Every structure is written in C-alpha cells, then in structure tokens.
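In order, the protein sequences belong to chains Y and F.
Mapping of the first sequence onto my numbering: position 138 corresponds to residue 1211, and the numbering continues sequentially without gaps.
Mapping of the second sequence onto my numbering: position 208 corresponds to residue 228, and the numbering continues sequentially without gaps.
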Amino acid sequence: MIRIENVSYQYPFSDRQVIRNITLEIQKGEHIAILGANGSGKSTLTRLLNGLLFPQTGSIQVDGLLTTNSKTIGDIRRKVQIVFQNPDNQIVGTTLEEDIRFGLSNIGFPIEEIESQVNHVLKLVGLEGQQRKSVHALSGGEKQKLALASVLALSPQYLILDEATAMLDPGSRRQFLQTIQQIRSDEQRSIVTVTHYFDEVVNVDRIVLLKEGQIERIAEPQQLIQHPEVLEACGVELPYLPAIAQQLRTIGIKVNPFPTIQELVDVLCR
Amino acid sequence: MQIILQSVYFSYDKVNKKKFKYDDYTVKNINMHIQQGEFIAIAGHSGSGKSTLIQLIKGLFSPTEGTLLLAGENPWDRQQRRCTQQKGNKTQFDSIGLVFQYPEHQLFAATVYEDIAFGPTQQVKQEVLDRPAEQWVQERVKRAMQKMNLEDERFQDSNPFDLSGGERRRVAIAGVLAAEPQILILDEPTAGMDHFARTSLFQTLHQLNQQENVTIILVSHRLEEILAHASRLMLMGDGQILRDGDPRKLLADFAFLESIQMEKIEPMQFSIALAEFGISVQDPSNVSEVSQAIKNYLTATAR
Ligand SMILES: Nc1ncnc2c1ncn2[C@@H]1O[C@H](COP(=O)(O)OP(=O)(O)OP(=O)(O)O)[C@@H](O)[C@H]1O
Ligand SMILES: Nc1ncnc2c1ncn2[C@@H]1O[C@H](COP(=O)(O)OP(=O)(O)OP(=O)(O)O)[C@@H](O)[C@H]1O
Ligand SMILES: [Mg+2]
Ligand SMILES: [Mg+2]
Chain Y
1074 MIRIENVSYQ
1084 YPFSDRQVIR
1094 NITLEIQKGE
1104 HIAILGANGS
1114 GKSTLTRLLN
1124 GLLFPQTGSI
1134 QVDGLLTTNS
1144 KTIGDIRRKV
1154 QIVFQNPDNQ
1164 IVGTTLEEDI
1174 RFGLSNIGFP
1184 IEEIESQVNH
1194 VLKLVGLEGQ
1204 QRKSVHALSG
1214 GEKQKLALAS
1224 VLALSPQYLI
1234 LDEATAMLDP
1244 GSRRQFLQTI
1254 QQIRSDEQRS
1264 IVTVTHYFDE
1274 VVNVDRIVLL
1284 KEGQIERIAE
1294 PQQLIQHPEV
1304 LEACGVELPY
1314 LPAIAQQLRT
1324 IGIKVNPFPT
1334 IQELVDVLCR
Chain F
21 MQIILQSVYF
31 SYDKVNKKKF
41 KYDDYTVKNI
51 NMHIQQGEFI
61 AIAGHSGSGK
71 STLIQLIKGL
81 FSPTEGTLLL
91 AGENPWDRQQ
101 RRCTQQKGNK
111 TQFDSIGLVF
121 QYPEHQLFAA
131 TVYEDIAFGP
141 TQQVKQEVLD
151 RPAEQWVQER
161 VKRAMQKMNL
171 EDERFQDSNP
181 FDLSGGERRR
191 VAIAGVLAAE
201 PQILILDEPT
211 AGMDHFARTS
221 LFQTLHQLNQ
231 QENVTIILVS
241 HRLEEILAHA
251 SRLMLMGDGQ
261 ILRDGDPRKL
271 LADFAFLESI
281 QMEKIEPMQF
291 SIALAEFGIS
301 VQDPSNVSEV
311 SQAIKNYLTA
321 TAR
C-alpha cells in the first residue's frame, strides 16, 4: 500500500505550492486514475510516490517505508516504477534490447531469463523482432512503446503510467489497455494511470480528480460520470456516448449515464 | 501555396549514411496535391511514415526520389541553387510552420517569452515592417500566447523547462504560431493537452483556416478529432497513402480501418445506427446536434 498523508510540495525557486495537502491511500491490487487539467499536479504527484521528489510537509510511505529514508529509497524505486510522459526521459540504451536489459540488470533479474523477458515485453507492446533496432530510428509511437516495454519488463509492484499511451495508434492503445487489465488481475500489483481521457479509465476502481494541486474529488467512474460539470471544471471532457446520454437526460429521457450504443438505440424504440 | 508531391520516395538509409537498399523506403510512391486553405488530416498506424512525410514537406529531408513542388517550384532544384532563394533569404520552406511530435525538444530559451519570440525576431530581419520591430515582435508573441491559453502572468517569465508536460507543449506550439506561417503542420498536437487547451487549439486552427486561409495539416491518432475538424483525410499504412478523401466516408469503412490497425469510432458507429431510423446528422461528432436529432425523432414518433 502507498500511504500519502497531508503532503504538500513546492518546487525549488518557485513561490507556489503545486501539491497542496493531499491525503490518499493506494491499496494493493487497486487501479487508480489521476485526472486533471494541465499543471494541476499529476506528474508532480507521481514523482513524489517513488522518491524522485520529497514532500516538504507530510509523508509518503510505500509498504511502510518512508520515501525520505535514504536507506530504503532503493527498495522504493524498485517497487514503484513510472512510465514518464516523455519517453526520451527514460530511454537509456542505444538499441531496444539494450534499453530493456539495462533496467533488468539493475534489479538483478536472473541473467538466463533476460532474453526471454526482453522478447516477451517487446511482443506485448507490438515491437516483436526489433530488438536490434537503434532507438534513434524509432517513430514517436514506437518510442513510447519501448518506454512501456522497459518498465513492464520489471513487473513493478506499483506501475505508474503518466500519459503513457498518448502517442499510440488506436489499435496499440486498445491492446495496451488489455495488457493493463491482465496486470490488474494480479492482486499483488497496483496501477496508477494518469490521463486526459476519461474513456481510458472507465474500468478503474477509483478516479482522483486534481485541481490546482488539491484533490477535487475521489469517486468511482460510474459516479463521477454523473457530474460532468465537475469533470469539465477540471479540464476533462465527457466521453462521447455519456455526453449524449447527459443531453438526453436534460430533456427528460431516462438513460444509463454510461450507455452502450445499443442502449441509446433502444431509446429510439421506446 | 500549393503543395504537390509526385512519386516521392524517401529512405533514412541515406540520412543515416548506410548503403542504400531498394526495399528500405520509409515512405513510398507518395502523390498528393494540397491547395492553399485546405484542412487535412493524416492518420495511420505507428511507424506508417506520417512524421517522415511531413518533415519532407517542411524540407527537413529531401526526397530520395520523386519531386516536391511548393507554389509550383521545386525548392530543392539544384539548377536554381541549393534551395530556391526568394526575396531576402527566405525559401518556400520558411512559409511552413511545423509543430513536431515532441515539440518540447525544440524549446531552448531561458524564458517562455524569449522562446516564442524567436520566430518573429528572425522574421523581423527579413520583412518590411509597418511599425517598430520590438513592438511588432511583442504583438505577435502576445497573440500566440493568447491562442494557446498562456495569458496567465506566471508563464511569460518562467523557464519553459519548469513547466508541466502539457504547458510546455502549448509553449512550443505558440512558438510556431507566432511566426504566422501560411501552412501549418501539427504532429499529434493534442497529445498531453487538457480539454480546455484542445478546445482552444481547434478554435485557433479553424480561425486561421477560415479567416486567413492558412493550410492546416493535422497528424493525429484521435480519429474522433479528425472527424470533428478535418475536411480531408489521408490514411497511411506501411509508408504509403492508402486512401485520400472525405473523413466521413473513410471513417465509415470499418473493415478497411480494422485492416490497417485503426479502430471504428463511436460517433461514426452511432450515426450509422441512427441512419437506420432515418435520422441523419450533418456532423456526427457534434453532441448537441445528435441529441437534438434524437429529440426531434422522439417528438415526431410520439404523435
Ligand atoms: N521543475 C519545475 N519547477 C517549477 N515549477 C514546476 C516544475 N515542474 C512543474 N512545475 C509546475 O508545477 C505545476 C504542476 O506540474 P505537473 O507537471 O505536476 O502538472 P501535470 O498535472 O502533470 O500537468 P500536465 O497535464 O500538463 O502534464 C505546474 O503549474 C507547473 O508549471
Ligand atoms: N531517423 C531514422 N532512421 C531510420 N529509421 C527511422 C528514423 N526515423 C523513423 N524511422 C522509421 O521510419 C518509420 C516511419 O517513422 P515515422 O516517424 O514517420 O512514423 P509515424 O507514422 O510518424 O509513427 P508514430 O505514429 O509512431 O509517430 C518507422 O518504422 C521508424 O522506425
Ligand atoms: Mg504531467
Ligand atoms: Mg510520428
């Protein structure tokens, strides 16, 4: 479990708190989403979770270990792995294979299993057969896939995805969401998804809405979808079908707030 | 400025100084005509060659084979010097603004203001101005910042590297807008943007397109976005342009989309379902229009 207690954070040389008094627990096996406008503090919060940044007030514990304890920070960084918003910030190898191997060696992954793990994760993200390709010859989406593969390879206990699918094509995005669902079925692992798109997180356990560094609301997707005004104030657009359901409800037509196309079509047959 | 590509092929092998092999073309047999003032989208699977193609148009690479014509001239024509020189030191490529897929890599200045002012400051040296240079630059920067929702005072003097991912991206786009190009190419511009920023970006694009006749070329994986905004779509796969036409027609061909790793999108599916009830909508991505059409149908059938 990650326990965030009364955490505030201000960047050095800045006069503004960008995380303000946040308290939140991320349970083992839980999938949480963080949504909010640009600059609301999503990435900052994720960087606090694995001790890349330290809170000025409050505390963060990962499985009982404080992120500010230098003796255990190594453990924490192994447990909590982030796929960063910009893949160039984390690609370290010169070939795809080297990049994935690097992280694996770092965590002491059994040497004889490294190769099959590399092949496994490349396949997961749809880059199979490209292990010897240079990272400089990757397209934008391929770079993002590599960043995902390198972190997936480590099977972290806490997987943090900071807009990690923004550059994927629709097919790859759907495939990746399926991979995430599989990881989720492992009750020992937790996932935190940061995104600007509500439709990518309709299946999560809880959504945390951030606004100007504070928690505006924590709710299940099914509940949150009924408050489009709250979402919109946080820079989040209602997905297409719920948006139509919403408009229909304002004119008195009862329909599921999270409808399928069929459910909307059924309205016409009433 | 008209853009024409005639049988254009491009291989990175030459750029990477490797031996050239015939089957290593990254983009192949590209033929296109784009008129000034069009609003075009390009979509295709990851690695299909979208970013490569638009960098060819911007002149960052030259075609390995085939011809690129801008305003009827070949800017690479070696007979007419390396890059055709127009008045001042300008080439046709300078009239094209390109927002890269990861535009934050282009940021370099110490403050947001300086970064956005870079383009206009270069232009000051090349153009005849109707007012003091400093004021001219300032006005352009201000306009560009407004267009990207960066009016908040804290932005102007902050270091672009101290901004959030989405904020940085908006600064980078403002930098391209500030040069006020005739042709604006954007590579996945909305990735990382919140809903406010996306809405104002598209308002800006339509305004530039309709009022100033700027050509817009939008590369995007968000097919909903394309359906809502573009009037022409090019679908790419394996380095080729596979389809070129009306987004509403192309995005309704679900079988084809699936075959190129694209997905059917809800607005399209729903409008097809509505059509079976005789309900037709102009713009399936317009939620109010669709809801109104449903409401009208229900009122009519209730009688
Ligand atoms: N290194 C830094 N120094 C000073 N301020 C910073 C720094 N990095 C981010 N900020 C500011 O902190 C605030 C929160 O940034 P953060 O990156 O956490 O936002 P975000 O919610 O991830 O936004 P986005 O959706 O754009 O990625 C922003 O207002 C940003 O300008
Ligand atoms: N500098 C380079 N050297 C060699 N090959 C490259 C280089 N840049 C890109 N490629 C390859 O060219 C192909 C097309 O890349 P491009 O960046 O044009 O794709 P894209 O359609 O923009 O993809 P994405 O949607 O992922 O951004 C890819 O297979 C990529 O691996
Ligand atoms: Mg962020
Ligand atoms: Mg690209």
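The beta-carbon is built from N, C-alpha and C at its ideal position, and this holds for glycine as well.
Fair warning: this is a prediction, and the values are worked out from it, not measured in the lab.
Any beta-carbon of chain F closer than 7 Å to the one on S1228/Y?
Taking the first sequence and counting its residues from 1, the one referred to as residue 1228/Y is at position 155. Output row for S1228/Y: interface = no.
Alpha-carbon to alpha-carbon, V28/F and F59/F
Within the second sequence, residue 59/F is the residue found at index 39, counting from 1. Within the second sequence, residue 28/F is the residue found at index 8, counting from 1. About 22 Å.
Contact set, ligand 2 heavy atom to C-beta under 5 Å
A1210/Y, S1212/Y, G1213/Y, G1214/Y, Y32/F, T46/F, S66/F, G67/F, S68/F, G69/F, K70/F, S71/F, T72/F
Any heavy atom of ligand 1 inside 6 Å of the beta-carbon of E1310/Y?
Within the first sequence, residue 1310/Y is the residue found at index 237, counting from 1. Answer for E1310/Y: no, Cβ out of range of ligand 1.
Should T1117/Y be listed as close to ligand 1, given that the test is whether its C-beta is under 6 Å from any heavy atom?
The sequence position of residue 1117/Y within the first sequence is 44, counting from 1. It does: the Cβ of T1117/Y is within 6 Å (strictly closer) of some heavy atom of ligand 1.
Quick check: does the Cβ of Y29/F come within less than 6 Å of any heavy atom belonging to ligand 1?
The count along the second sequence starts at 1 and reaches residue 29/F at position 9. For ligand 1, not one heavy atom lies less than 6 Å from the Cβ of Y29/F.
Check whether the Cβ of G186/F lies closer than 7 Å to any Cβ atom in chain Y.
What you label residue 186/F is simply residue 166 of the second sequence in a count that begins at 1. G186/F counts as touching chain Y.
DSSP state of V1267/Y mapped onto helix, strand, coil
Looking up residue 1267/Y in the first sequence gives position 194. Three-state result, V1267/Y: strand.
Proximity below 7 Å, CB of K1038/Y to CB of P1160/Y:
A question about residue 1038/Y goes unanswered here, because the residues of chain Y that appear run from 1074 up to 1343.
Pull up the DSSP beta-bridge partners for L1349/Y, would you.
The displayed coordinates of chain Y run from 1074 to 1343. Any statement about residue 1349/Y would go beyond what the structure contains.
In the DSSP assignment, the beta strand (DSSP E) including I280/F goes from what residue to what residue?
Here residue 280/F corresponds to residue number 260 of the second sequence, with the count starting at 1. Where I280/F is concerned, there is no enclosing beta strand (DSSP E), given that its DSSP letter is neither H nor E.
May I ask whether a heavy atom of ligand 4 can be found less than 6 Å away from the beta carbon of Q281/F?
By one-based count along the second sequence, residue 281/F stands at place 261. No.
Does the beta carbon of A1239/Y come closer than 7 Å to any beta carbon on chain F?
Here the question's residue 1239/Y lines up with position 166 in the first sequence. Yes, its Cβ sits closer than 7 Å to a Cβ of chain F.
Opening and closing residue of the alpha helix (DSSP H) in which E154/F lies:
Here residue 154/F refers to the residue found at position 134 when the second sequence is read from its first residue. E154/F -> alpha helix (DSSP H) spans 153-167.
Three CB pairs or more closer than 8 Å across the region 217-231 of chain F and the region 265-285 of chain F
no
Ignore the nearest five residues each way along the sequence and tell me which others in V1303/Y's own chain have a CB closer than 8 Å to its CB.
For this step, residue 1303/Y is matched to residue 230 along the first sequence. The answer, listed in chain order, is L1282, E1289, R1290, L1297.
Using Cβ-Cβ distances below 7 Å, what residues of the region 51-81 of chain F are close to chain Y?
H65, S66, G67, S71
Within the continuous beta strand (DSSP E) that includes Q230/F, where are the two ends?
Counted from its first residue, the second sequence places residue 230/F at position 210. Element bounds for Q230/F: not the beta strand (DSSP E) but the alpha helix (DSSP H), 215-231.
In this structure, how does DSSP classify K1344/Y when only helix, strand and coil are distinguished?
Nothing about residue 1344/Y can be read from this structure; chain Y reaches only from 1074 to 1343.
So does the region 207-218 of chain F actually touch the region 177-194 of chain F, counting three or more Cβ pairs closer than 8 Å?
yes
Classify I1075/Y as helix, strand or coil using the three-state DSSP reduction.
Position 2 of the first sequence, counting from 1, holds the residue named residue 1075/Y. I1075/Y falls in the strand class under three-state DSSP.
Please report how far the alpha carbon of I1133/Y lies from the alpha carbon of L89/F, in whole angstroms.
What you label residue 1133/Y is simply residue 60 of the first sequence in a count that begins at 1. What you label residue 89/F is simply residue 69 of the second sequence in a count that begins at 1. So the two alpha carbons sit approximately 59 Å from each other.
DSSP three-state call for K107/F: helix, strand or coil?
Your numbering for residue 107/F matches position 87 in the second sequence. Note on K107/F: pLDDT 49, under 50, position unreliable in the model; the coordinate value appears next. If DSSP states are grouped into helix, strand and coil, K107/F belongs with coil.
Is the region 236-248 of chain F touching the region 62-70 of chain F, taking contact as three or more C-beta pairs under 8 Å?
yes
Residues from the region 266-300 of chain F in contact with chain Y, defined by Cβ distance under 7 Å:
Q281, M282, E283, E286, P287, Q289, F290, A293, F297
Given 6 Å as the limit, tell me if Y1084/Y has its C-beta closer than that to any heavy atom belonging to ligand 1.
As a position in the first sequence, residue 1084/Y is number 11, starting the count at 1. Correct: Y1084/Y has its Cβ closer than 6 Å to ligand 1.
Whole angstroms is fine: what's the gap from A164/F's alpha carbon to T1145/Y's?
Within the second sequence, residue 164/F is the residue found at index 144, counting from 1. Within the first sequence, residue 1145/Y is the residue found at index 72, counting from 1. If I take the Cα positions, the gap works out to 47 Å.
Under 7 Å, Cβ to Cβ, is there at least one residue of chain Y near D177/F?
In the second sequence, residue 177/F corresponds to position 157, counting from 1. For D177/F, the answer is no, since every Cβ of chain Y falls outside 7 Å of its Cβ.
Residue from F128/F, P123/F, Q146/F with nearest C-alpha to G1213/Y:
As a first step, residue 1213/Y must be located in the first sequence, where it is residue number 140. Checked all of F128/F, P123/F, Q146/F; the closest Cα to G1213/Y is P123/F.
Chain-ordered neighbours of I1334/Y on chain F, where CB pairs are closer than 9 Å:
Taking the first residue of the first sequence as 1, we reach residue 1334/Y at position 261. Those are E286, Q289, F290, A293, listed as they occur along chain F.
Decide yes or no for the touch test of the region 298-313 of chain F against the region 1261-1274 of chain Y: beta carbon pairs closer than 8 Å, at least 3 of them.
no
Alpha-carbon spacing of P1330/Y relative to P1312/Y, whole angstroms:
As a first step, residue 1330/Y is located in the first sequence; it is residue number 257 there, counting from the start. As a first step, residue 1312/Y is located in the first sequence; it is residue number 239 there, counting from the start. So the two alpha carbons sit approximately 11 Å from each other.
In chain order, what residues of the same chain have a beta carbon less than 7 Å from the beta carbon of D1148/Y, not counting five sequence neighbours either side?
Along the first sequence, one-based indexing puts residue 1148/Y at 75. Excluding sequence neighbours, D1148/Y sits near L1138.
Check whether the Cβ of N1162/Y lies closer than 7 Å to any Cβ atom in chain F.
As a working note, residue 1162/Y is residue 89 in the first sequence. No, N1162/Y does not count as interfacial toward chain F.
Below 8 Å, how does it come out for the region 1228-1243 of chain Y and the region 1154-1169 of chain Y: are there three or more Cβ pairs, yes or no?
yes
Let's see if you can read the secondary structure: which residues bound the alpha helix (DSSP H) around Y1313/Y?
Within the first sequence, numbered from 1, the residue matching residue 1313/Y stands at position 240. Its alpha helix (DSSP H) spans residues 1313-1323.
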